[in-house]
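Trainee: Pasting a structure here, questions to come.
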Amino acid sequence: MRAIRIIIGLLLIALGASAQDLASYEKRTTVRKLDNGLTLIVMERHEAPVFSYATVVNAGNAQEVPGITGLAHMFEHMAFKGTEKIGTTDYAAEKAALANVETAYSAYDTERRKPVGRDDAKVAALEKAWKDAIAAADKFVVPNEFSKVVDRAGGEGVNAFTASDETAYFFSMPSNRFELWAYLESERFLHPVFREFYKERDVVTEERRMRSESNPVGRLVEQFLETAYSAHPYRQPTVGWPSDLASFSATDAIAFFHKYYVPSNMVVAVVGDVNPAEALPIMEKYFGRLPKAPQPDPLRTVEPPQRSERSVVLRETSQPFYLEGYHRPAATDPDNATFDVISMLMSSGRTSRLYKSLVRDKKIAVNASGFNGFPGDKYPNLFAFFAVPSAGHTATDVAAPIHAEVDRLKTEDVPADELQSVKKRVRAGLLRELDSNSGMALQLAQYQTLYGDWRELFREVDRIDKVTPQDVKRVAAATFTPDNRTVATVESTKGGAK
Amino acid sequence: MKMTNRILQLAALLLVALSAFAQATDYRDIKTPPLRNFNPPQAKRIQLDNGMVIFLMEDHELPLIRGLARIRGGGRDIPSSKAGMMAIYSQSWRTGGTKDKTGDQLDEMLESRAARVETTASDDSTTIRFDVLKNDLDFVFPIFLDLLHEPQFRQEKIDLAKTQANTGISRRNDDPQGIIGREATKLGYGADSPYARQPEYATIASITREDLLAFHDKYVHPNNIIVGVVGDFDSKAMEQKLRAAFAKWPRGPQAPPAPAGGTAAKPGVYFIAKDDVTQANIAMVTGSGLTRKSPDYYAVAVLNEILDGGSFSGRLMNDIRTKRGLAYGVGGGVGAPWDHPGLVRVQMSTKSGTTVESINALKQEMSDLRTQPFTAEEMATAKDLILNAFIFTMDSPEKVLGQQMNLEFYGMPLDYFRNYPANIQKVTAEQVANAAQKYVHPEQLALLVVGKDKEFDKPLSTLGTVTPIDITIPEPGGSKAQSSGPAVSNDEGRSLIEKVRNFVGGKDKIAAVKATHEVSTINTKGPQGDMTLDVDLTTVYPDRVHTVLHTPMGEMTMVMTPEASFMMSPMGSQDMPTAQRENMQRETRNDTLSILMNADKPGYTFSAVGSEKVGDVDAKVVEIHTDAGSLKWWIDPATGRLLRKASTVRTPAGPAEAVTDYSDWKMFGGLNLPTRFTSKRNGEAFGSGEVKTIEVNPVVDPAMFQKK
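Chains A and Z, in that order, give the protein sequences.
If you use our numbering, the first sequence closes out at 508, no skipped numbers anywhere.
If you use our numbering, the second sequence closes out at 776, no skipped numbers anywhere.
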């Protein structure tokens, strides 16, 4: 017993001596809030003459309502379409042409969706007029000029994503392109132009077909979320419902953009070979132009407590999958650290409980994991378990072993060495992220957005250090109950694999 | 005048001062200062007398150390009969543990220190790596060495790796992207190519512990190994440590050179049916005949950027995604691996209704590479993409180390990457055009489409003769199969069969059945539509069947005996096609009464494998293997009722999964048998039926089985 305490004590000393403490990172990080409400973060890292950035907008598909689902993601695509100066041969003419497209679309859309008294000949004529208007506007387009400018300047990892809670834009550049970056990134949110909107809607529909429709796990997740959530927008798919994707307009997207892409709702973080004394004035010069605007109203709807076990079954020709979720509080809840520990205990590495039980000993799954923040974590979300049954096993075969491990969390104290192993790996995990400019830029921007303070990235690790076996038992008992559970399975119509 | 001058001077100064603070209004106005001088340190190269090469790279930013040993020999060195062996090898290498410690014990030891030792494999090499907090190096390094030298490949971990591999096989047709990836590779290299190995249940089953040990013995010698270490250490001390560990290790046989690529499939249209999708996946592929070592590579690198460079900068993205909205994902190029010829390959996915339109667009892009001259802007963009982003190939010590290790592994000059930018800069438009002529031959491309053809905009046959590819996963053979459902009985399986036997009427009554005559009405969905027919079925066990179908078009009789099998209709008589005869033989040998009669014989195994709901009942699933093949039964454990049966049948469209559900049991001659059934093929409704009567042990006229 004493030996274990001595060893744990030594480990703690070793942990404390590591270089990733907050103080050293505070020294090289500067935060500035502009008059327009935008938050800028600059963290220095001079290993190579490069920098990465991430712009995080505190709006995701949870801000959508039926009729405009998919719009947040649609705008993310639009953010690559250029500006009044980039991507056009003549903006004045193009602007008028795009206005014509909207007028034509509105007339066409109204007629084609008339529930009674629709005139099909009129619909066909209006559709043609709309497509002609698009062709006229397309004449002014210089395709993909924005991305080409970034690519040609040495942009690396150019991408963006839309999630339930947020939309993020990021790439890396050689450090001598800093001013170019500041210009481009501020321009795209100052003067975006919604050109090629309807063509891009087709592209997004292909993305939906690829990710959600033609992929068994995509189909599973979509059905799962709409069942686990009855009221809250977390139930909506990020890519949008097909009907909404086929209907919403550029005018809708512009309205969404004006409401949510306001500087007080945005964070821009830069990490790399930058000197704050030089970088911040440049950033202020360009990003200070974004007009101040009121913060959008916070989301009103709160998911009512789930009081029933819910079940979803997809019968597919594919092999089976198992997914279940339990409602848990938002990431800002004091118990968040305990949920992180539970996730690590259950599914991090080959010493994790689900691996040992389902994969190694029973061999009924080829992987099994438990994770937080599904589909987001700004709002109350789900702790989910996902398992891929091994050949010859069905989705329901994995349910009881998963529940057996969950019950252990409620009834047994987590042994000290197991808890310590989790904590050590969490701390080392943060350490291992610190040498990536792009990883850090995104994390800083996300933590600043969620908590209002980038330092929470480091403090979170300290909170995890303090989690006790009693915390784990308490949180497990409160969360993992049948009435709080939604189960979704893909069952194979092939009668189980060989 | 002086006043004006002074005002003008002040104004000029003011303008200069203002412009220093004014933001640019056009990106073209933004000045780009030169990038600061950056000469990242190179790793120190050490060659031992036994041939091992070691690279050491210090990096003191974080208290971490990462190291790896890359060993020649990989997936392309395995015979096709053992396809999948590298997955088993690379997993059980680590999980199988060392002499002193099992893999599970190593997991506990390493994870409690947030350390990792992991093993992976690729086509041309295997790698063992470690990742450790610097203070734990002396604890982890001996584990790394032990696993490198004497892995135990414990059998239970081989079995676990096989479960993973078999599961992967069972799932490989579920995602269309997975299908097109591997099938296009097989077309491009040829299905027999060492670069297109596809594991099957049979090949996984054939892999033994001896195979893994033999592979290790063959390749793990210092002269086949490159070691690299990066992190927070002192090079001198690390060199001493590594020399102490490796210098005395004697040389062994040199790994063989890279095998040749293979032969691409003939050009043409290839189709794989997949119905649970809303998109078609499209690929065009053939051999490129090019390796990275070729002097043509630089022009091809520029060509690839013009085709598919940057985020949206290439022709494919611009034309097919942005202009035409046909795809979210489209890409490709001329492949040039380091040491074997690569593939020319382009790929995209599009909604089913624009499949042929997209194929034509993709074909146009490929021929445009030969006919549409490369503009000055395309050339400048392509070069900028490569040169201005080049810093990102070396912006960390780990990346620089990786570059050096790669050059060493493939026998390239160690200054290759230092010279790379200049070599790209030199490429002319004419050289790129010549590269397109030499390496892009659209008429040689094999076109592969995965999707639901009845939803395509045009039939694929409008593009040429279509060769269908059957991707049905070959079942493990007979009762010797090593699938995860072992062909051995388990107690639960046997007891469930007993329950079914008892429900039907008991062992003795069933044993007394010599023949049955069944009269029923069947509704079936055929290609011509729905059909209702009456059926007279006489079965004389074990292997004689006489069937009369009363159809609206007349009577059709089918006879199956070991001596002859034939069919008679108003049109005349003909032999039964082989596939149909085999189906019928299997169906009869494996019909319910047959199985129950023979359940105690050797060669019949019953293995309960789990539960599944059939309607409201939690049925038990039993895998049955007989000498006529395998099938599954779903049994109500409370009553012993056989609720559902599933087996594979051969149809003109290929093997199909046939599932039949039973209900409405009635007594016939002392036997309790279902009178209603519904059938599905591959998940879709196929037919249903109602049994009117069953006569047990009727009088049978042997003449009914003779040809007339």
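Even glycine gets a Cβ: it sits at the ideal position worked out from N, Cα and C.
These figures come from a predicted structure and were not determined experimentally.
Comparing C-alpha positions only, which one of P544/Z, L711/Z and N750/Z sits nearest to D686/Z?
Mentor: To locate residue 686/Z, count along the second sequence from 1; it is residue 618. When only C-alpha atoms are compared, the closest one is L711/Z.
Trainee: Should A287/A go down as buried or exposed, given a rule of 16 or more other Cβ atoms within 10 Å for buried?
Mentor: For the purposes of this step, residue 287/A is taken as the residue at position 277 of the first sequence. A287/A comes out exposed.
Trainee: Look at the alpha carbon of N765/Z and the alpha carbon of V581/Z, and state the distance between them as a whole number of angstroms.
Mentor: Indexing the second sequence from 1 puts residue 765/Z at position 697. Indexing the second sequence from 1 puts residue 581/Z at position 513. Cα to Cα, the separation comes out at about 6 Å.
Trainee: To the nearest angstrom, report how far apart D100/A and G397/Z are at their CA atoms.
Mentor: Numbered from 1 along the first sequence, position 90 holds the residue referred to as residue 100/A. Numbered from 1 along the second sequence, position 329 holds the residue referred to as residue 397/Z. Taking the straight line from one Cα to the other gives about 30 Å.
Trainee: Ignoring anything shorter than 3 residues, give me the beta strand (DSSP E) runs that lie fully in the segment 245-288 of chain A, in order along the chain.
Mentor: Listed in chain order, the complete beta strand (DSSP E) runs (minimum 3 residues) inside the segment 245-288 of chain A are 276-282.
Trainee: Can you tell me the Cα-Cα spacing of A816/Z and A332/Z, whole angstroms?
Mentor: Residue 816/Z lies beyond the residue range present for chain Z, which begins at 69 and ends at 776; the question has no answer from this structure.
Trainee: Does the beta carbon of T306/A sit closer than 9 Å to a beta carbon anywhere in chain Z?
Mentor: In the first sequence, counting from the first residue as 1, residue 306/A sits at position 296. For clarity, residue 306/A is Pro in the given sequence; the question names Thr instead. Chain Z contact via Cβ: absent.
Trainee: If V152/A and T98/A are in contact, beta carbons under 8 Å, what's the gap, nearest whole angstrom?
Mentor: Here residue 152/A corresponds to residue number 142 of the first sequence, with the count starting at 1. Here residue 98/A corresponds to residue number 88 of the first sequence, with the count starting at 1. Contact holds; Cβ gap of about 6 Å.
Trainee: Which chain Z residues sit within Cβ distance under 7 Å of K373/A?
Mentor: What you label residue 373/A is simply residue 363 of the first sequence in a count that begins at 1. What K373/A touches in chain Z: L228 and T231.
Trainee: Tell me where the beta strand (DSSP E) around E680/Z begins and ends.
Mentor: The residue labelled residue 680/Z in the question sits at position 612 within the second sequence. Looking at the DSSP string, the run of the beta strand (DSSP E) that includes E680/Z is T673 to V682.
Trainee: With a cut-off of 8 Å, do at least 3 Cβ pairs link the segment 116-128 of chain Z to the segment 75-82 of chain A?
Mentor: No: fewer than three Cβ pairs fall under 8 Å.
Trainee: Using a Cβ-Cβ cutoff of less than 7 Å, which residues in the same chain neighbour Y287/Z once the five nearest sequence positions on both sides are dropped?
Mentor: Counted from its first residue, the second sequence places residue 287/Z at position 219. Correct list, in chain order: I139, R140, G141 and A323.
Trainee: If you count every other CB in all the chains shown that lies within 10 Å of the CB of L132/Z, and 16 or more means buried, which is it?
Mentor: Within the second sequence, residue 132/Z is the residue found at index 64, counting from 1. It counts as buried.
Trainee: DSSP on S379/Z, reduced to helix/strand/coil?
Mentor: As a first step, residue 379/Z must be located in the second sequence, where it is residue number 311. Of the three classes helix, strand and coil, the one that applies to S379/Z here is coil, per DSSP.
Trainee: Which of the three DSSP states, helix, strand or coil, is assigned to P184/A?
Mentor: For the purposes of this step, residue 184/A is taken as residue 174 along the first sequence, with counting starting at 1. In the structure shown, P184/A sits in a strand (DSSP, three-state: E or B).
Trainee: DSSP three-state call for F203/A: helix, strand or coil?
Mentor: The residue you call residue 203/A lines up with position 193 of the first sequence. The identity of residue 203/A in the sequence shown is Val, whereas the question assumes Phe. Note: V203/A maps to coil in three-state DSSP.
Trainee: Looking only at its chain, what residues have a beta carbon closer than 6 Å to the beta carbon of A347/A, apart from the 5 residues adjacent to it on each side?
Mentor: Counting from 1 along the first sequence, the entry for residue 347/A is found at position 337. R473, I474 and V477, listed in sequence order.
Trainee: Give the DSSP bridge partners of G296/Z, in chain order.
Mentor: The count along the second sequence starts at 1 and reaches residue 296/Z at position 228. DSSP lists F123/Z and L136/Z as partners of G296/Z.
Trainee: Touch check for the segment 448-455 of chain Z and the segment 431-439 of chain Z: three-plus C-beta pairs under 8 Å?
Mentor: No, they do not touch.
Trainee: Quick check: is the beta carbon of F460/Z nearer than 9 Å to any beta carbon in chain A?
Mentor: Position 392 of the second sequence, counted from the first residue, corresponds to residue 460/Z. Answer yes: the Cβ-Cβ gap between F460/Z and chain A drops below 9 Å somewhere.
Trainee: Name the residues in the segment 421-451 of chain A whose C-beta lies less than 8 Å from a C-beta of chain Z; which are they?
Mentor: Within the segment 421-451 of chain A, the residues whose Cβ lies closer than 8 Å to some Cβ of chain Z are D427, Q430, S431, K434, R435, R437, A438, G439, L441, R442, L444 and D445, listed in chain order.
Trainee: Report yes if the CB atom of S379/A is closer than 9 Å to the CB atom of L364/A, and no otherwise.
Mentor: Translated into the one-based positions of the first sequence, residue 379/A becomes position 369. Translated into the one-based positions of the first sequence, residue 364/A becomes position 354. Yes, Cβ-Cβ distance for S379/A and L364/A is below 9 Å.
Trainee: From the DSSP output, in three-state form, read off V414/Z for me.
Mentor: Taking the second sequence and counting its residues from 1, the one referred to as residue 414/Z is at position 346. Residue state, collapsed to three classes: strand.
Trainee: For the beta strand (DSSP E) that T496/A lies in, which residues bound it at each end?
Mentor: Against the first sequence, residue 496/A aligns to sequence position 486. Element bounds for T496/A: R495 to S502.
Trainee: Report buried or exposed for K433/A, applying the criterion of at least 16 other Cβ atoms within 10 angstroms of its Cβ.
Mentor: If you number the first sequence from 1, residue 433/A lands on position 423. Buried is the call here.
Trainee: Classify E218/Z: buried if its beta carbon has 16 or more other beta carbons within 10 angstroms, exposed otherwise.
Mentor: As a working mapping, residue 218/Z is identified with position 150 in the second sequence. With fewer than 16 other Cβ atoms within 10 Å, it is exposed.
Trainee: Which residues in the same chain have their Cβ closer than 7 Å to the Cβ of D407/A, if we skip the five residues on either side of it in sequence?
Mentor: For the purposes of this step, residue 407/A is taken as the residue at position 397 of the first sequence. Counting only Cβ-Cβ distances below 7 Å, and skipping sequence neighbours, we find I374 and P399.
Trainee: Take every Cβ of the segment 158-174 of chain Z, pair it with every Cβ of the segment 183-192 of chain Z, and state whether three or more of those distances are shorter than 8 Å.
Mentor: With a cut-off of 8 Å, the segment 183-192 of chain Z and the segment 158-174 of chain Z count as touching, because enough Cβ pairs lie within range.
Trainee: Select from K361/Z, P705/Z and T418/Z the residue whose C-alpha is nearest the C-alpha of D525/Z.
Mentor: Residue 525/Z sits at position 457 when you count from the first residue of the second sequence. The option with the nearest alpha carbon to D525/Z is T418/Z.
Trainee: Could you name the residues of chain A that V345/Z contacts, counting a contact when the two beta carbons are closer than 9 Å?
Mentor: If you number the second sequence from 1, residue 345/Z lands on position 277. R219, E223, S224 and N225, listed in chain order.
Trainee: Name the DSSP beta bridge partners of R113/Z, please?
Mentor: Against the second sequence, residue 113/Z aligns to sequence position 45. Paired residues: F123/Z.
Trainee: Spell out a yes or no on whether the segment 267-283 of chain A and the segment 56-63 of chain A are touching, meaning 3 or more CB-CB pairs, one atom from each, closer than 8 Å.
Mentor: Enough Cβ pairs lie closer than 8 Å, so yes.
Trainee: Which same chain residues end up closer than 7 Å to K504/A when comparing Cβ atoms and leaving out the 5 residues on each side of it in sequence?
Mentor: Taking the first residue of the first sequence as 1, we reach residue 504/A at position 494. Only T327 meet the Cβ criterion.
Trainee: Under 9 Å between C-beta atoms, does F90/A make it to chain Z?
Mentor: On the first sequence, residue 90/A is found 80 positions in, with the first residue counted as 1. Chain Z, which has a Cβ nearer than 9 Å to the Cβ of F90/A, makes this yes.
Trainee: Assign Q480/A to one of two classes, buried (16 or more other C-beta atoms within 10 Å of its C-beta) or exposed (fewer than that).
Mentor: Locating residue 480/A in the first sequence gives position 470, where the first residue counts as 1. With fewer than 16 Cβ atoms within 10 Å of its Cβ, Q480/A is classed as exposed.
Trainee: Rank A404/Z, Q232/Z, T540/Z and S675/Z by C-alpha distance to the C-alpha of A341/Z and give the top, closest one.
Mentor: Translated into the one-based positions of the second sequence, residue 341/Z becomes position 273. Nearest of A404/Z, Q232/Z, T540/Z and S675/Z to A341/Z, Cα basis: T540/Z.
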